[in-house]
Ligand code: ADP
Ligand code: MG
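Numbering (the working numbering), first residue to last: 461 to 1015.
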């Protein structure tokens, strides 16, 4: 049997359970439960997750998932449990799962893998990419409190390693802040004059004083409010000296006795001869990660995961379904009316069935206007010359109408007021077969596929979650204004996205929606293009929630 400890492991691979056993011997990892799910004929991952959540011996939940049967049910359970216990998940089959839900922008960008990984993170789960990291992160969380905050202190007897690990921590979004003068003054007396107390703390090669230098600087750093975690680098000589190990163990034990919850992770670069010290550190509950890269990775992953509060209120069917439509793509007229109903700002529009109507609509809307071919099956209108921008006179509108009618055979056109230039965003939503309603937000316009810069969340969610989506975008700098463009109102955009998420959650008849672009300009936000597909049979909003059956503990 593996050693006893606080990690409950769920695996979809029996062999992985064996590998975990071997690893538990190597790295003294302790398990409370190990469950291999077999073919999930009766109990599935959510049942087991719920049992782990209730299990008093389980402090950390580690799961290797190949498939998630009922995504929405797993999400809801995980979101609730993650508030109390860390959950670490390795989701395999990520490439294979790139199945596309439908042939539209939204579905093409939102592959199943992207939705799954977004949903796991949204639930507050720490998502890892491989099995060894799954165990390492789970073990670190079982041994030490989670990382709360981002400021890391380093103590090293190798200046070079101090530099390396600083880079690696920063590349994972953590910080190695310079310590304040008073804190440096408190640490400096134990260091040689040529050492550094700035952070990384460089204790130099003065090995005779290693125990005192590591010990007292560790204590000072744990007690300071300038850093959120401490990483002693034990490299070669410092790893070999049992007195250093003794001091590190003693200082961490004292700190816990004082009630501090600051994690300490050792970065271990020791030889075989130092193995005894490594095992003593592990036995004392101090993670020892091999080399700086591993240390930075596991420490970053041990950080408190996001995760929004579960919503108690059941989603009501708030959006009224379109009348007289039985499945398929909606006309622009209907689609615009519906998203305006959802509370999204829409550019003023008119449908025109003739040249004269087009000119009259342009005059009502106010120039400049945009004329767009309105024809079923025309997906990318601009690709086929079906979008005519910048029309400033009745003559120009008439010409554009004739052109579109002749070339594309579209006698019905959509007339819109032209929005002022700005950054083009995309907002989308669709109903995933297992996770239910999903919302996408990102950088849009006609480059949306090329950029592929979108964030996904399960709907509904609040403004905070929407802001997190915006922060996730690679092109987020565009939102804060660049090259002379004003910064956009991120809070207003977030509230718009959250509103859309509430709306789609309450519109079970909606299969997919793609608003591209939503133009962000000096006037605010405005949707200028939308596509919407509805299902033939209205969905039952509540149908997915199964009654809880997770009381039994699988053995
Ligand atoms: P499609 O995506 O089908 O090619 P769009 O309606 O999105 O057609 O139009 C293509 C591009 O034209 C948009 O990305 C946007 O840059 C511009 N555009 C379309 N409508 C407007 C409008 N009302 N105001 C300003 N620009 C517009
Ligand atoms: Mg478009």
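Backbone N, C-alpha and C fix where the C-beta goes; we use that ideal spot for every residue, glycine too.
As the structure is a prediction and not an experimental result, all values here were calculated from the model.
In the structure shown, residue 470 adopts extended strand secondary structure according to DSSP, grouped into three states. Rounded to the nearest whole angstrom, the CA to CA distance from residue 609 to residue 638 is 16 angstroms. Shown here, residue 500 sits in coil according to DSSP, grouped into three states, outside any helix or strand. Contact between the region 530-544 and the region 893-901 is present: 3 or more CB-CB pairs across the two stretches fall below 8 angstroms. CA-CA distance, residue 809 to residue 823, rounds to 12 angstroms. Under the three-state reduction of DSSP, residue 659 is assigned to coil, being neither helix nor strand. Taking a 10 Å sphere around the C-beta of residue 725, we find 16 or more other C-beta atoms and assign the residue as buried. A distance of 8 angstroms or more separates the beta carbons of residue 864 and residue 877. Residue 671: member of the alpha helix (DSSP H) spanning 670-683, first to last residue.
Using a cutoff of 7 angstroms, the CB of residue 502 does not count as near ligand 2, since none of the ligand's heavy atoms is closer than that.
Inter-segment contact for the region 920-930 and the region 953-963 is present: three or more beta-carbon pairs are separated by less than 8 angstroms. Straight-line measurement puts the Cα of residue 596 at about 31 angstroms from the Cα of residue 669.
Annotation: the continuous beta strand (DSSP E) that includes residue 972 extends over 970-981.
A distance filter of 5 angstroms between CB atoms and the heavy atoms of ligand 2 selects the following residues in sequence order: 976 and 989. The C-beta of residue 884 has 16 or more other C-beta atoms within 10 Å across all chains shown, which makes the residue buried. Contact between residue 812 and residue 875 holds: their C-beta atoms lie close to 5 angstroms from each other, under 8 angstroms. Residue 486 sits in a helix when the DSSP states are folded into three classes. Linking residue 752 to residue 621 through their CA atoms gives a straight-line distance of about 7 angstroms. Boundaries of the beta strand (DSSP E) harbouring residue 991: 990-994, taken from the DSSP string. Proximity to residue 782 across 994, 487, 538 and 673 peaks at 994, based on C-alpha coordinates.
At least one heavy atom of ligand 1 lies closer than 7 angstroms to the C-beta of residue 842. If you draw a 10 Å sphere on the C-beta of residue 840, you find fewer than 16 other C-beta atoms in it, and that means exposed.
Restricting attention to 485, 520 and 983, the CA atom closest to the CA of residue 467 is found in 520. A straight line joining the alpha-carbon of residue 882 with that of residue 981 spans about 4 angstroms.
Ligand 1 never approaches residue 873 closely enough for any of its heavy atoms to be under 7 angstroms from the residue's Cβ. Residue 842 and residue 552 have their alpha carbons spaced roughly 39 angstroms apart. Apart from the 5 residues on each side of it in sequence, residue 845 sits with its Cβ closer than 7 angstroms to the Cβ of 867 in its chain, given in chain order.
Under the three-state reduction of DSSP, residue 845 is assigned to coil, being neither helix nor strand. Of the candidates 705, 792, 667 and 686, 686 places its Cα closest to the Cα of residue 644. The Cβ-Cβ distance between residue 708 and residue 741 falls below 8 angstroms. Annotated three-state conformation of residue 465 is strand, per DSSP. Secondary structure of residue 516 (DSSP, three-state): coil. Between the alpha carbons of residue 951 and residue 658 lies a gap of roughly 37 angstroms.
Linking residue 590 to residue 575 through their CA atoms gives a straight-line distance of about 19 angstroms.
Boundaries of the alpha helix (DSSP H) harbouring residue 752: 751-761, taken from the DSSP string. Residue pairing by DSSP places residue 986 opposite 979 in a beta bridge.
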